[in-house]
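Peer 1: Quick one: the structure is below, and I'll ask about it shortly.
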Amino acid sequence: MSPPSGGLSKLFGGFGGGGGSHCVGLSIGSSAIKLVELKREKKGYKLLHFGMIQLPEDVIVNREVVNPVALVDSLKQLMAQLKLKTKNVCASLSGTSLIIKRMQVQAAKIKELQDQVFWEAEQYLPFDVSDVVMDFQTLSRSKDNQTDILLVAVKRSVLDSYMTCIEDAGLKPTIMDADFFALQNVFEANYPLQASESAAIVDIGSAAMKITVVNQGIPVFTKDSTLGGRNLTAEIQKHLGLSFADAETLKAGGGGGSTPQEVVEIMHLMGENYGMEIKRALDFYNASSVAPPVSCVLLAGGGSKVPNLSQEIESKIGLPTQMINPFNAISYDPAVFTQEYVQSIGPIAAVPIGLALRAGAP
Ligand SMILES: Nc1ncnc2c1ncn2[C@@H]1O[C@H](COP(=O)(O)OP(=O)(O)OP(=O)(O)O)[C@@H](O)[C@H]1O
Ligand SMILES: [Mg+2]
């Protein structure tokens, strides 16, 4: 298995994964926290622990921490269930406080590159540069010193609030990554891709849909939209006059009995909305990028678990679409995890597994 790429070597002041044999990925989503521990073995990575805990609705709003006490409390509860072998974790950020931008800079010497990048980055940032933490990765450099870089910037206050909560829960956030790069990591570890192909990984979470297009180890396009599983729950809630919690249960097939026809129809309409959102993003990518067009789409995130969603999206966008399987290349002990369990957690575990792979990268 090739080592995971994507992510930046010292994103947001992290210290690199360090390549320890136990690697933990922590995804703090809008609706739930997910924790994964992998063990690095000679033949590749193996799943040791997966756990998740729902978050009360007011904890993460617009993907910022608004109730740190409740977040720390939930994190502690989850950790108590899992008994992790290391406190070092790779966690991630997403949302409008995170900016990812590919840009070209001219720098005669590598030593001057950082100053040049940060100086030029100012014009792309919607925030004051003093309120931002920045990092970048060099993608290529031509003979005339034209350097293609990937800039990542995040609002310092948002980064600090996540890191403080993780530390207060007793963990050490050694790397802060982006959900987009985690998706790339989990994809590359599990799906070999020809250089002439690009793939889109679409994470349908609760509050957001995140799209990463990957080509030759580079996230050539990223898009974060506010359509997510929560919108589907809200539609079910509205049409059936239910509470949000009851609509969530019904949506996930837990209402007892078969899913009402009205809910099936709402799911179908939302599938079409998701498909249109993905199509719009991919049309934009195809029109504006020099990288090859997307040839397949992989779905991740809890919101992708709606029955038949991949077929709905496939027919809307006209590209082969399937659910991501992070366990193509990551092994597990069948005495500990059943195949059915592993299959059911696959899409939800994709981001935290991508983060754990980053934590394990040397
Ligand atoms: N079996 C299921 N069928 C349909 N939807 C599901 C199912 N299981 C979970 N979901 C939905 O998945 C969403 C949560 O997914 P996930 O945990 O990936 O989101 P998140 O990481 O908390 O949110 P975000 O990434 O948007 O911040 C919720 O909207 C939930 O209702
Ligand atoms: Mg998420």
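Just add 597 to wherever you are in the sequence shown, counting from 1, and you've got the working numbering. Even for Gly, the Cβ is constructed at its ideal location relative to N, Cα and C.
Which two residues bound the contiguous beta strand (DSSP E) that contains S822?
Peer 2: Segment 815-822, the beta strand (DSSP E) holding S822.
Peer 1: Going by DSSP, what residues sit across from D920 in a beta bridge?
Peer 2: Contrary to the premise, residue 920 reads as Met rather than Asp in this sequence. Answer is L896.
Peer 1: Taking 5 angstroms as the limit, tell me which residues put their C-beta closer than that to any heavy atom of ligand 2, in chain order.
Peer 2: For ligand 2, the selected residues are G626, G802.
Peer 1: Would you say the beta carbon of E845 comes nearer than 7 angstroms to a heavy atom of ligand 1?
Peer 2: Yes, ligand 1 has a heavy atom inside 7 angstroms of this Cβ.
Peer 1: So K803 and G825 are supposed to be a Cβ contact under 8 angstroms. How far apart are they, rounded?
Peer 2: The amino acid at residue 803 is misidentified as Lys; the sequence shows Ser. The Cβ separation is near 5 angstroms, so the contact holds.
Peer 1: Kindly indicate which three-state DSSP category K913 falls into: helix, strand or coil?
Peer 2: In the structure shown, K913 sits in a helix (DSSP, three-state: H, G or I).
Peer 1: How would you label R877, buried or exposed, when you count the other beta carbons within 10 angstroms and need 16 or more for buried?
Peer 2: Exposed, by the Cβ-count rule.
Peer 1: Spatial neighbours of K902 within its chain, please: C-beta separation below 7 angstroms, excluding the five flanking residues on both sides.
Peer 2: Correct list, in chain order: P944.
Peer 1: Around the C-beta of S627, are 16 or more other C-beta atoms found within 10 angstroms, so that it is buried, or is it exposed?
Peer 2: By the neighbour-count rule (16 or more Cβ atoms within 10 Å), S627 is buried.
Peer 1: Tell me which same chain residues have a C-beta within less than 7 angstroms of the C-beta of I746, skipping the five on either side of it?
Peer 2: Contacts found: M700, V702, V714, F733, Q734, T735, L736.
Peer 1: Give me the DSSP bridge partner(s) of A797.
Peer 2: A797 pairs with V810, V894.
Peer 1: List the whole-angstrom C-beta distance separating T819 from T809, where the pair is believed to meet the contact cut-off of C-beta under 8 angstroms.
Peer 2: That belief holds up - the Cβ atoms of T819 and T809 are roughly 5 angstroms apart, short of 8 angstroms.
Peer 1: From this set, D843, A705, P665, E709, which residue's C-alpha is nearest D765's C-alpha?
Peer 2: If we check each option's Cα against that of D765, P665 comes out closest.
Peer 1: Using CA atoms only, rank isn't needed, just tell me which of V891, W716, T830, E869 is closest to A792.
Peer 2: Closest by alpha carbon: V891.
Peer 1: Looking only at its own chain, which residues have a Cβ that is under 8 angstroms from the Cβ of Y759, when we skip the five neighbours before and after it?
Peer 2: Closer than 8 angstroms at Cβ, skipping near neighbours: I625, V662, A688, L690, P770, M773.
Peer 1: Please determine, among L635, A629, G641, K631, the residue with the shortest C-alpha to C-alpha distance to A953.
Peer 2: Checked all of L635, A629, G641, K631; the closest Cα to A953 is L635.
Peer 1: Can you determine whether any heavy atom of ligand 1 sits closer than 7 angstroms to the C-beta of F848, and answer yes or no?
Peer 2: The sequence given here has Lys at residue 848, not Phe. Indeed, a heavy atom of ligand 1 lies less than 7 angstroms from the Cβ.
Peer 1: Tell me whether L645 is buried or exposed, calling it buried when 16 or more other Cβ atoms sit within 10 Å of its Cβ.
Peer 2: Looking at its Cβ environment, which holds 16 or more other Cβ atoms inside 10 Å, L645 is buried.
Peer 1: Answer with buried or exposed for G611, where buried requires no fewer than 16 other C-beta atoms within 10 angstroms of its C-beta.
Peer 2: The pLDDT assigned to G611 is 43, lower than 50, so where the model puts this residue is not dependable; a value taken from the coordinates is nonetheless given after this. The residue is buried, with at least 16 neighbouring Cβ atoms inside 10 Å.
Peer 1: Starting from N634, trace the beta strand (DSSP E) in both directions and tell me its first and last residue.
Peer 2: Inspection of the sequence shows that residue 634 is occupied by Glu rather than by Asn. Run containing E634: 629-638, per the beta strand (DSSP E) assignment.
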